[in-house]
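Colleague: Supplied in structure tokens, the structure appears directly below.
2 protein chains.
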Amino acid sequence: MNIGEIARRAGVSRSTVSYALTGKRPVTEQTKQRIQAVIDELDYRPNAAARALKEGRTRTIGLVIPPASLRLTDMQLGFVASVVEAAAHADLDVLLSPSGGDHDRSFERVISGRRVDGVILMEIRLEDDRVTRLQRTGLPFVTIGHTANPHGTCWVDVDYATLISRCVYHLADLGHRGIALINRSAELVAAGYGPAHRALEGFTGAITRRGLDGVTLTCADDAAAGETCIERLREDHPEVTAAVTVNEAALPGIQRALERANVTVPRDFSIAGVAARHWAEDFRPQLTAADVPTFEMGASAVELLLERIAAPETPAHHLLLTPPISLRASTGPAPAR
Amino acid sequence: MNIGEIARRAGVSRSTVSYALTGKRPVTEQTKQRIQAVIDELDYRPNAAARALKEGRTRTIGLVIPPASLRLTDMQLGFVASVVEAAAHADLDVLLSPSGGDHDRSFERVISGRRVDGVILMEIRLEDDRVTRLQRTGLPFVTIGHTANPHGTCWVDVDYATLISRCVYHLADLGHRGIALINRSAELVAAGYGPAHRALEGFTGAITRRGLDGVTLTCADDAAAGETCIERLREDHPEVTAAVTVNEAALPGIQRALERANVTVPRDFSIAGVAARHWAEDFRPQLTAADVPTFEMGASAVELLLERIAAPETPAHHLLLTPPISLRASTGPAPAR
DNA sequence: TTGTAGGCGTTATCAG
DNA sequence: CTGATAACGCCTACAA
Numbered sequence: 001m002n003i004g005e006i007a008r009r010a011g012v013s014r015s016t017v018s019y020a021l022t023g024k025r026p027v028t029e030q031t032k033q034r035i036q037a038v039i040d041e042l043d044y045r046p047n048a049a050a051r052a053l054k055e056g057r058t059r060t061i062g063l064v065i066p067p068a069s070l071r072l073t074d075m076q077l078g079f080v081a082s083v084v085e086a087a088a089h090a091d092l093d094v095l096l097s098p099s100g101g102d103h104d105r106s107f108e109r110v111i112s113g114r115r116v117d118g119v120i121l122m123e124i125r126l127e128d129d130r131v132t133r134l135q136r137t138g139l140p141f142v143t144i145g146h147t148a149n150p151h152g153t154c155w156v157d158v159d160y161a162t163l164i165s166r167c168v169y170h171l172a173d174l175g176h177r178g179i180a181l182i183n184r185s186a187e188l189v190a191a192g193y194g195p196a197h198r199a200l201e202g203f204t205g206a207i208t209r210r211g212l213d214g215v216t217l218t219c220a221d222d223a224a225a226g227e228t229c230i231e232r233l234r235e236d237h238p239e240v241t242a243a244v245t246v247n248e249a250a251l252p253g254i255q256r257a258l259e260r261a262n263v264t265v266p267r268d269f270s271i272a273g274v275a276a277r278h279w280a281e282d283f284r285p286q287l288t289a290a291d292v293p294t295f296e297m298g299a300s301a302v303e304l305l306l307e308r309i310a311a312p313e314t315p316a317h318h319l320l321l322t323p324p325i326s327l328r329a330s331t332g333p334a335p336a337r
Numbered sequence: 001m002n003i004g005e006i007a008r009r010a011g012v013s014r015s016t017v018s019y020a021l022t023g024k025r026p027v028t029e030q031t032k033q034r035i036q037a038v039i040d041e042l043d044y045r046p047n048a049a050a051r052a053l054k055e056g057r058t059r060t061i062g063l064v065i066p067p068a069s070l071r072l073t074d075m076q077l078g079f080v081a082s083v084v085e086a087a088a089h090a091d092l093d094v095l096l097s098p099s100g101g102d103h104d105r106s107f108e109r110v111i112s113g114r115r116v117d118g119v120i121l122m123e124i125r126l127e128d129d130r131v132t133r134l135q136r137t138g139l140p141f142v143t144i145g146h147t148a149n150p151h152g153t154c155w156v157d158v159d160y161a162t163l164i165s166r167c168v169y170h171l172a173d174l175g176h177r178g179i180a181l182i183n184r185s186a187e188l189v190a191a192g193y194g195p196a197h198r199a200l201e202g203f204t205g206a207i208t209r210r211g212l213d214g215v216t217l218t219c220a221d222d223a224a225a226g227e228t229c230i231e232r233l234r235e236d237h238p239e240v241t242a243a244v245t246v247n248e249a250a251l252p253g254i255q256r257a258l259e260r261a262n263v264t265v266p267r268d269f270s271i272a273g274v275a276a277r278h279w280a281e282d283f284r285p286q287l288t289a290a291d292v293p294t295f296e297m298g299a300s301a302v303e304l305l306l307e308r309i310a311a312p313e314t315p316a317h318h319l320l321l322t323p324p325i326s327l328r329a330s331t332g333p334a335p336a337r
């Protein structure tokens, strides 16, 4: 079914059908109705490929997600959901590309061949090949997270360094002297994953400024790892009375290990961090944490991308969010010696 | 950058470039290399829209997911991940449509206008408008889950009825007489969501056949709901000594409530069900459960869809999986009276 | 207010 | 083995 067939049946020319559809030229109410009747009858929709070819844009954006084999974290899922939602709201479709490296077939397919008008990238590393690649192509893009040197790129991120610093200050104010950072996995740190590095940066900075005793641990993104992490911590560093974490997926394990060791939170041990709200509220007792505003971040990323598509030469904006730390029930005064 | 420019620079015709790329016609090694050199230099990729227009297919499939505002369950996420992965493996792109109802804009956009070669639908209801709509359009589609009357449609699903029956038999064999079903939410049941209905069907069938005492409960998809569900159950039905569930998201809450009530699993209370493996293994003690093979299901859905796209007139296949029930540590003999 | 015609970038048919 | 050319379906200047 194509526009010519509609035109034929309605007894008008193809351009009239086109204009009746787009409204870019006045069309008599009567002919418009006749055309609409035929369209309704045949359930006609303009061919997207033809339109894209003619107009030079696809009304589709690409969303590059971590390889699907890795289980997505709740936060990543939050980004995907909010990006998809915001895009749908702007009548845009979203093309998904699960890819890690620069030379991924799926990634190449999506960014080349004009399949999309722009790209949103997540899980950004400090040095990220995909960003470099995208800069070379000239395709508009926005990153959720930012590289070590983000000048000239458009991004939205959470200020992990500041948030973790604040958590440490909060714990220090409560009298804690030995504080641990439960970071993301050693692999992510090694790969130069931004949030992990920035959390560490904020942690060591705050520890130093307050003259505290800091312990840093890496921990894989799952409950089991959280469990062994706490066990190790209590064994190797009994002087530690509090922890800050950016590893939300480890929280259930952390909780389990503390319970099993008969450590009462916050009486015996305090914990705070950065996490999706859902994880913080499911922790027992509820976790004092900065809730990562995934919904807002995804929506902003789409918004920034649309601006960038509309005006590619405009200077790049970015958004560094510092959401408030919700005081819940997991932090309290340091236990007396 | 287009094929004409490449042809000009390589001193050949456009068709030669095209054939050098697709290999559908022999091209001298020498010219092929000259062409490739120009392509590499200019980083040329064929325009996807032009190709789709000419070839009549997009090499893209649509994946309809529940509205993004609802948090996706782990199982849904598993489907998305495996579909995306399987599609990437077949060099297909995936267009995401977050939509619930039939008249959703995003849904309409994706299925009409030849944006995709086929569609995968998830979260199927017993009566599902989207399925009807898709049948009308004639676009190839596969559903994960199936409608009440799935004849002529192509689907892959888990046999909830049989699995829940088997769980009940298993518990009955262990001496349990009072058994509860912890189902999905009342809203989902009311909306005619298949797995919820089929779980109930399998449950009541098994309870009747064994002459047991069955209690059915609905429970929202989150930990908090699981907690109150167990509290209610123990209060209203103290005679119940075991439960079966299809509500994986409620498991952490179920566990918490049982622990708090000082109920030891499986000594005092047994529990079994259907869940993604990850949830079953995170339960303490680990949950005796049929692990929903999300990865396999997503991959099969893509495979079926590809067959269907290749041969639309072929009779519709389907796949009803009955994964084995992994005996873990959460079921044991009924406590003595 | 409506119609005609050309071109977007590819692929495939038909000649050479 | 290679080149010219005609579609694919749409949009939009230009002409009426």
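Chains as they are written, first to last, in UniProt numbering: chain Z, 1 to 337; chain V, 1 to 337.
Ideal Cβ placement from N, Cα and C applies to all residues, glycine included.
For clarity, every value in this text was computed on a predicted model and none was experimentally measured.
1. Return the residues of the region 43-54 of chain V that lie within a Cβ-Cβ distance of less than 7 Å from chain Z, sorted by chain order.
2. Please specify which runs of the beta strand (DSSP E), each continuous and at least 3 residues long, are wholly inside the region 116-167 of chain Z, giving them in chain order.
3. So that I know if they touch, is there some Cβ in chain V lying closer than 8 Å to that of L304(Z)?
4. Let me check understanding here. Comparing Cα to Cα, which of R109(V), I35(V), L320(V) and N47(V) lies closest to I61(V)?
5. I need the DSSP call for A180(V), collapsed to helix, strand or coil.
6. For the beta strand (DSSP E) containing V215(Z), list its first residue and its last residue.
7. Kindly indicate if chain V contains any beta-carbon less than 8 Å away from that of G226(Z).
8. Report all residues from its chain with a CB closer than 7 Å to the CB of A148(V); omit the five preceding and five following residues, and keep chain order.
9. Over the uninterrupted alpha helix (DSSP H) stretch that includes V83(V), give me the two end residues.
10. To the nearest angstrom, how far is it from the Cα of T216(Z) to the Cα of A311(V)?
11. Determine the direct distance from the alpha carbon of I179(V) to that of S165(V), and round the result to whole angstroms.
12. Could you compute how far the alpha carbon of D282(Z) sits from the alpha carbon of I230(Z)?
13. Strictly under 8 Å for the Cβ-Cβ distance: is T58(V) near chain Z by that measure?
14. Do G152(Z) and L139(Z) count as a contact pair if the criterion is CB distance below 8 Å?
15. How many angstroms separate the CA atom of T97(V) from the CA atom of V27(V)?
16. Using a Cβ-Cβ distance under 8 Å, would G214(V) count as near chain Z?
17. Excluding the 5 residues flanking A172(V) on each side, which residues of the same chain have their C-beta closer than 7 Å to its C-beta?
18. With respect to the beta strand (DSSP E) encompassing D236(Z), which residues constitute its N-terminal and C-terminal limits?
19. Within 8 Å, do at least three Cβ pairs link the region 240-248 of chain Z to the region 264-281 of chain Z?
20. Here's the rule I'm using: 16 or more other beta-carbon atoms within 10 Å means buried, otherwise exposed. How should G145(Z) be labelled?
21. Count the other C-beta atoms from every protein chain shown that fall within 10 angstroms of the C-beta of N183(V), then say buried if there are 16 or more, exposed otherwise.
22. Nearest by alpha-carbon distance to D104(Z): which of R114(V), E85(V), Q33(V) and L121(V) is it?
23. Tell me the DSSP secondary structure of S270(V) in three-state form.
24. Going along chain Z in order, which residues have a C-beta closer than 7 Å to the C-beta of L96(V)?
25. Mapping the DSSP letters down to three states, classify G62(Z) as helix, strand or coil.
26. So, for P252(V): in the same chain, excluding its five sequence neighbours on each side, which residues have a beta-carbon less than 6 Å away from its beta-carbon?
27. Out of A261(Z), D74(Z), D221(Z) and A206(Z), point me to the one whose CA is closest to L233(Z)'s CA.
28. For H170(V), count neighbouring Cβ atoms within 10 angstroms of its own Cβ and tell me buried if that reaches 16, exposed if not.
29. Within 10 angstroms of its Cβ, does P238(Z) collect 16 or more other Cβ (buried), or is it exposed?
30. Taking beta-carbon pairs under 7 Å, can you tell me which members of the region 106-119 of chain Z lie near chain V?
31. Anything in chain V within Cβ reach of D291(Z), meaning under 7 Å, just list it in chain order.
32. Any residues in the region 263-293 of chain V with a beta carbon nearer than 9 Å to a beta carbon of chain Z? Which ones, in chain order?
33. Residues in the same chain with beta-carbon distance under 8 Å from K32(Z), minus the five sequence neighbours each way, listed in chain order, please.
34. Does chain V have any CB closer than 8 Å to the CB of D91(Z)?
35. Figure out for me which residue from S300(V), Y44(V) and R256(V) has the closest Cα to the Cα of S112(Z).
36. Given a cut-off of 8 Å, decide if L287(Z) and F269(Z) are closer than it, judged by their beta-carbon atoms.
Modeller: From the atom records:
1. R45, P46, N47, A48, A49, A50, A52 and L53
2. 118-122, 141-144 and 154-158
3. Within the first sequence, numbered from 1, the residue matching residue 304(Z) stands at position 304. Chain V, which has no Cβ nearer than 8 Å to the Cβ of L304(Z), makes this no.
4. By 1-based counting over the second sequence, the position of residue 61(V) is 61. Taking only the C-alpha atoms, the option nearest I61(V) is R109(V).
5. If you number the second sequence from 1, residue 180(V) lands on position 180. DSSP places A180(V) in strand when its eight states are reduced to three.
6. As a first step, residue 215(Z) is located in the first sequence; it is residue number 215 there, counting from the start. Taken as a continuous stretch (DSSP letters only), the beta strand (DSSP E) holding V215(Z) covers D213 to L217.
7. Your numbering for residue 226(Z) matches position 226 in the first sequence. Answer no: the Cβ-Cβ gap between G226(Z) and chain V never drops below 8 Å.
8. Residue 148(V) sits at position 148 when you count from the first residue of the second sequence. Taken in chain order, the residues that qualify are L126 and E127.
9. Within the second sequence, residue 83(V) is the residue found at index 83, counting from 1. D74 to H89 is the span of the alpha helix (DSSP H), which, as asked, contains V83(V).
10. Position 216 of the first sequence holds residue 216(Z). Position 311 of the second sequence holds residue 311(V). Using only the alpha carbons, I get a separation of about 58 Å.
11. For this step, residue 165(V) is matched to residue 165 along the second sequence. For this step, residue 179(V) is matched to residue 179 along the second sequence. Cα-Cα distance, rounded: 12 Å.
12. Numbered from its first residue, the first sequence carries residue 282(Z) at position 282. Numbered from its first residue, the first sequence carries residue 230(Z) at position 230. Using only the alpha carbons, I get a separation of about 18 Å.
13. Here residue 58(V) corresponds to residue number 58 of the second sequence, with the count starting at 1. T58(V) counts as touching chain Z.
14. Mapped onto the first sequence, residue 139(Z) falls at position 139. Mapped onto the first sequence, residue 152(Z) falls at position 152. It is not a contact, given that the beta carbons lie outside the stated cut-off.
15. Residue 97(V) sits at position 97 when you count from the first residue of the second sequence. Residue 27(V) sits at position 27 when you count from the first residue of the second sequence. For the sequence presented, residue 97(V) should be read as Ser rather than Thr. Rounded to whole angstroms, S97(V) to V27(V) spans 41 Å at the Cα level.
16. As a first step, residue 214(V) is located in the second sequence; it is residue number 214 there, counting from the start. False, the Cβ-Cβ gap to chain Z never drops below 8 Å.
17. Position 172 of the second sequence, counted from the first residue, corresponds to residue 172(V). Within the same chain, A172(V) has close Cβ partners R210 and L212.
18. Residue mapping note: residue 236(Z) aligns to position 236 of the first sequence, counting from 1. From DSSP, D236(Z) is part of no beta strand (DSSP E) but of the alpha helix (DSSP H) over A223 to D236.
19. yes
20. Reading the first sequence from its first residue, position 145 is the one you call residue 145(Z). G145(Z) should be labelled buried.
21. Locating residue 183(V) in the second sequence gives position 183, where the first residue counts as 1. With 16 or more Cβ atoms within 10 Å of its Cβ, N183(V) is classed as buried.
22. Residue mapping note: residue 104(Z) aligns to position 104 of the first sequence, counting from 1. D104(Z) has its Cα closest to that of E85(V), out of R114(V), E85(V), Q33(V) and L121(V).
23. Here the question's residue 270(V) lines up with position 270 in the second sequence. Reduced to three states, the DSSP call for S270(V) is strand.
24. Translated into positions along the second sequence, residue 96(V) becomes position 96. Correct list: V84, V94 and L96.
25. The residue you call residue 62(Z) lines up with position 62 of the first sequence. Strand at G62(Z).
26. On the second sequence, residue 252(V) is found 252 positions in, with the first residue counted as 1. The answer, listed in chain order, is A223.
27. The residue you call residue 233(Z) lines up with position 233 of the first sequence. Checking every option, the nearest Cα to that of L233(Z) belongs to A261(Z).
28. In the second sequence, residue 170(V) corresponds to position 170, counting from 1. By the 10 Å Cβ count, H170(V) comes out buried.
29. Taking the first sequence and counting its residues from 1, the one referred to as residue 238(Z) is at position 238. Result: exposed.
30. S106, R109, V110, S112, G113, R114 and R115
31. The residue given as residue 291(Z) occupies position 291 in the first sequence. Neighbours of D291(Z) on chain V: none; closest Cβ ~14 Å, over 7 Å.
32. H278, E281, D282 and R284
33. Position 32 of the first sequence, counted from the first residue, corresponds to residue 32(Z). Taken in chain order, the residues that qualify are A20.
34. Taking the first residue of the first sequence as 1, we reach residue 91(Z) at position 91. Chain V contact via Cβ: present.
35. Locating residue 112(Z) in the first sequence gives position 112, counting from the first residue. Nearest option by C-alpha distance: Y44(V).
36. Against the first sequence, residue 269(Z) aligns to sequence position 269. Against the first sequence, residue 287(Z) aligns to sequence position 287. No; because the gap between Cβ atoms is not below 8 Å, this pair is not in contact.
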